Structures are given as structure tokens and as C-alpha cells.
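In terms of this note's numbering, the sequence shown has 16 at position 16, counting the first letter as 1, and numbering is strictly consecutive. Even for Gly, the Cβ is constructed at its ideal location relative to N, Cα and C. Keep in mind it's a predicted model, so treat the numbers as computed, not measured.
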Amino acid sequence: MKEQLKAFIFSELIYHEDPSVFGDDDDLLEAGLDSMGIMRLIMFAEKEFGVILPDTEIEPDNVQSLNALENWIKQAPQNA
């Protein structure tokens, strides 16, 4: 899951010279993930992993790092 998220983020949302050096706890917001990117990321995750990520849970703590994203997705309800 984390590798799929990372591949999407660095191919579609954030430019980074060498994404392989970007750690799982590094700050995605500081790296350039903006509000439009967050929305695209949420749509990707919902489609790719079959979950529902409620708007009420969109907060920096849930999208700040790859680890935070993975934890949020794993706790999300499955799409029926």
C-alpha cells in the first residue's frame, strides 16, 4: 500500500529529485503537497484501496506522511 501511495504522490503530485530518499515519516506537506493534491490523493486512495475517507477526517495529521496516510486508510471503512 505504501509503495502505491508513494508512486502516485511522486509521479502525480509532488516533484522530488529522488523520491527513493523520501522517508515514510518525512513531511509531505513541507515537500509540496497542497490542498488540491490532497483531494486527488484521497480520490486515488478511495478508488485504489476500496475505502471511504470521510471529509471530516481530512486533517494534517492524516496526510502529513506516508505512514500517517497508510494508518488512516487502514482504519477507514470499506466501500460497499
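| Check | Outcome |
| --- | --- |
| Run through the DSSP bridge pairs and tell me what residue 78 is partnered with. | 51 |
| Around the C-beta of residue 21, are 16 or more other C-beta atoms found within 10 angstroms, so that it is buried, or is it exposed? | exposed |
| For residue 102, does the three-state DSSP call read helix, strand or coil? | Shown here, the chain extends from 1 to 80; a query on residue 102 therefore has no answer. |
| Would you tell me roughly how many angstroms separate the C-alpha atoms of residue 32 and residue 70, rounded to the nearest one? | 19 angstroms |
| Name the two residues that bound the continuous alpha helix (DSSP H) containing residue 3. | 2 to 8 |
| Residue 45: which of 30, 16, 62 sits nearest, CA to CA? | 62 |
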